[in-house]
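Here the structure is laid out as structure tokens; the discussion comes afterwards.
Number of protein chains: 2
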Amino acid sequence: MTALVPDLEKMRDCTSCPIRHKAVCAKCEPDELQRLEEIKYYRTFAPGQTIIWAGDRMEFVASVVSGVAALTQTLEDGRRQMVGLLLPSDFVGRPGREVAKFDVTAIAETTLCCFRRKPFEKMLEETPNVSQRLLEMALDELDAAREWMLLLGRKTAREKIASLISIIARRATINERVYSEAVSVDLPLTREAMSDYLGLTLETVSRQISALKKDGVIGLKGNRHVVIPDMRLLLAETGDDDDGGALL
Amino acid sequence: MTALVPDLEKMRDCTSCPIRHKAVCAKCEPDELQRLEEIKYYRTFAPGQTIIWAGDRMEFVASVVSGVAALTQTLEDGRRQMVGLLLPSDFVGRPGREVAKFDVTAIAETTLCCFRRKPFEKMLEETPNVSQRLLEMALDELDAAREWMLLLGRKTAREKIASLISIIARRATINERVYSEAVSVDLPLTREAMSDYLGLTLETVSRQISALKKDGVIGLKGNRHVVIPDMRLLLAETGDDDDGGALL
DNA sequence: TTGTTGTTTTGATCCGCATCAAAGCGGCGC
DNA sequence: GCGCCGCTTTGATGCGGATCAAAACAACAA
């Protein structure tokens, strides 16, 4: 999952770029940046607002500037599964796709930097830099999706919650890397969004969070703020092999 | 899921290419093909044999020539989840990755066309054609992974089985497109492999296949061969929205 | 303050699937 | 033929998480 948020630090450093995201511009040449500049515009969405409906014609691709959004799919009877979590620097949309395949919804207030799709695709064909960067990002997302599949298919409710919290904690503490010391993290998701992410009901999410709290694995400060006294305790609850961190 | 097998017909047509796979060579120039030719070699694996262990150093990337292989992940206590199903023309390995992140295992006898990793990566940097094709493939796989996540997170055992059979049937009948007429398909997977794919136990897989048979949704000819009297009946069991096919 | 609305927690019950166990059923070598 | 082995089916039982229901809580407007 870490892959969904590449390197926030470097992203911020990319000030010469009109888009301001490592997502797209990391290796861009000045003239390429100029062309991106010409086809970009910003849009902001309120929490709960749908950004794109599955089946919509795609007018743009975009890069998340701030906020949190989710890719979701639903079955005919309304059962819903989140299939992508979009955070700042993540890419939205697929070059070459006319019609959206998934719903995209803002979870918190979210700002996108959009690029008109047609000219963006035209540019892609001419600038290997950008398509190579997109390949890298797609492969990172694929890795994340596969970890997520293991979680959905084989983990218990308790392991799922522990995994989600450790994922969020890990990216909140990128560049810090101080294990074995208390960490406190904001959960950017409601209980319902967590249940959509984890393939559970929101009641089960609530119960398991309470259980982890009772067992001293996590502490709660309000509903949306978690304190982790010892990251190793939490990681021991995820069910993952211990060397998982080493492989990232 | 169809994305995992691009266009087998075209793949076969690609006879001028030394690799013989649309996977890599579709748009290659003659000199690029020559370079690929120089770094390729073939390897064949027996059913059940592990091709790559997670944690291994990657010596090659490869394209599946024939057979079936699986990407799998395991939790510390041995619970196992398939996270990728590799069929002819699919790509194995990730450019830029030193160390494998998933186990790769041959399910049936499988032949790979391997490319030494370092020179392949070097070539990638110089040939936009190839990296653009890889981007396309990665995005297809990402779509497939997301459908798979919906299956793992929200579908019932019966829906999972119906989905898997319809996925296999659909790609077996690519280019035919004769709905509402009996189709018969070979299952290239053991019950155990199906359970790894679906996040179930093999007993549940067996029971649900029997149930679908009893209800007349499918017929069985031996253990590994399925007859589908009416594809629409099967699709009605998958839980998916009806327009799923249209979006592909 | 009080009512309203949305989120979260907690409780009681039920069911789908896992688990444990054993019995069919090929295929293959002897 | 025989026995052996791997795969598959079938059966009995138990548990984890879904479901249904209601209470607790926080944010906010009147």
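Top to bottom, those sequences are chains G and L.
Start counting the first sequence at 19; every next residue gets the next number (this note's numbering).
Start counting the second sequence at 19; every next residue gets the next number (this note's numbering).
Glycine included, C-beta positions come from ideal geometry on N, C-alpha and C.
No experiment lies behind these values; they were computed from the predicted model shown.
Distance, residue j Cα to residue i Cα
i: T129(G); j: T68(G); result: 13 Å
i: R250(L); j: S81(L); result: 34 Å
i: G66(G); j: E154(L); result: 31 Å
i: A124(G); j: G85(G); result: 8 Å
i: L266(L); j: T145(G); result: Low local confidence applies: a pLDDT of 46 at L266(L) is under 50, so the model's placement there is unreliable, with the coordinate-based value given in what follows. Cα-Cα distance, rounded: 28 Å.
i: G96(G); j: T219(G); result: 13 Å
i: L51(L); j: R151(G); result: 24 Å
i: A41(L); j: E221(G); result: At A41(L), the pLDDT of 49 sits below 50, so the modelled position is not reliable; the number obtained from the coordinates is stated separately. Those two C-alpha atoms are separated by around 45 Å.
i: R135(G); j: E56(G); result: 12 Å
i: L54(G); j: R115(G); result: 19 Å
i: V201(L); j: K239(L); result: 12 Å
i: K58(G); j: W166(G); result: 32 Å
i: S248(G); j: E199(G); result: First, the amino acid is wrong: residue 248(G) is Asp here, not Ser. When rounded, the distance between both Cα atoms is 6 Å.
i: V168(L); j: E77(G); result: One point to set straight first is that residue 168(L) is Leu, not Val, in the sequence displayed. Those two C-alpha atoms are separated by around 26 Å.
i: L182(G); j: I227(G); result: 11 Å
i: V203(G); j: A64(L); result: 48 Å
i: L22(L); j: F109(L); result: Because L22(L) sits at a pLDDT of 27, beneath the cut-off of 50, its placement in the model cannot be relied upon, and the point is left open.
i: V223(G); j: E127(G); result: 23 Å
i: R164(L); j: L216(L); result: 14 Å
i: L207(L); j: E94(G); result: 28 Å
i: K231(G); j: K232(L); result: 47 Å
i: T191(G); j: I70(L); result: 32 Å
i: A211(G); j: A162(L); result: 22 Å
i: R225(G); j: R209(L); result: 34 Å
i: D260(L); j: D49(L); result: 46 Å
Residue from the options whose Cα sits closest to the Cα of residue i
i: A229(L); options: E255(L), T92(L) and L54(L); result: E255(L)
i: C132(L); options: T219(L), R61(L), T174(L) and G66(L); result: R61(L)
i: R172(G); options: R176(L), V201(L), K136(L) and S213(L); result: S213(L)
i: I236(G); options: D161(G), Q99(G) and L205(G); result: L205(G)
i: K140(L); options: D161(L), P113(L) and A163(L); result: P113(L)
i: R98(G); options: L170(L), G234(L) and L160(L); result: L170(L)
i: F138(L); options: E159(L), G111(L) and A126(L); result: G111(L)
Under 8 Å between C-beta atoms of residue i and residue j
i: I148(L); j: L157(L); result: Residue 148(L) is actually Val in this sequence, not Ile. For V148(L) and L157(L), no; Cβs fall outside 8 Å.
i: R75(L); j: V122(L); result: no
i: P106(L); j: V79(L); result: no
i: L252(L); j: A175(L); result: no
i: V101(L); j: T90(L); result: yes
i: G119(L); j: A72(L); result: Checking the displayed sequence, the identity of residue 119(L) turns out to be Lys instead of Gly. Cβ atoms of K119(L) and A72(L): closer than 8 Å.
i: E177(L); j: G234(L); result: no
i: L160(L); j: L160(G); result: yes
Check your understanding: Taking the runs of the beta strand (DSSP E) that are 3 residues or longer, which of them lie wholly in the segment 128 to 176 of chain L?
Key -> 128 to 134
Check your understanding: Touching or not, the segment 172 to 190 of chain L and the segment 236 to 246 of chain L, by the rule of three or more beta carbon pairs under 8 Å?
Key -> yes
Review point. Can you list, in chain order, the stretches of the alpha helix (DSSP H) that have 4 or more residues and sit fully within the segment 46 to 90 of chain L?
Key: 48 to 56
Review point. For the segment 204 to 244 of chain L, which segments carrying the alpha helix (DSSP H) assignment without a break, of at least 4 residues, lie completely within its bounds, in sequence order?
Key: 209 to 216 and 220 to 232
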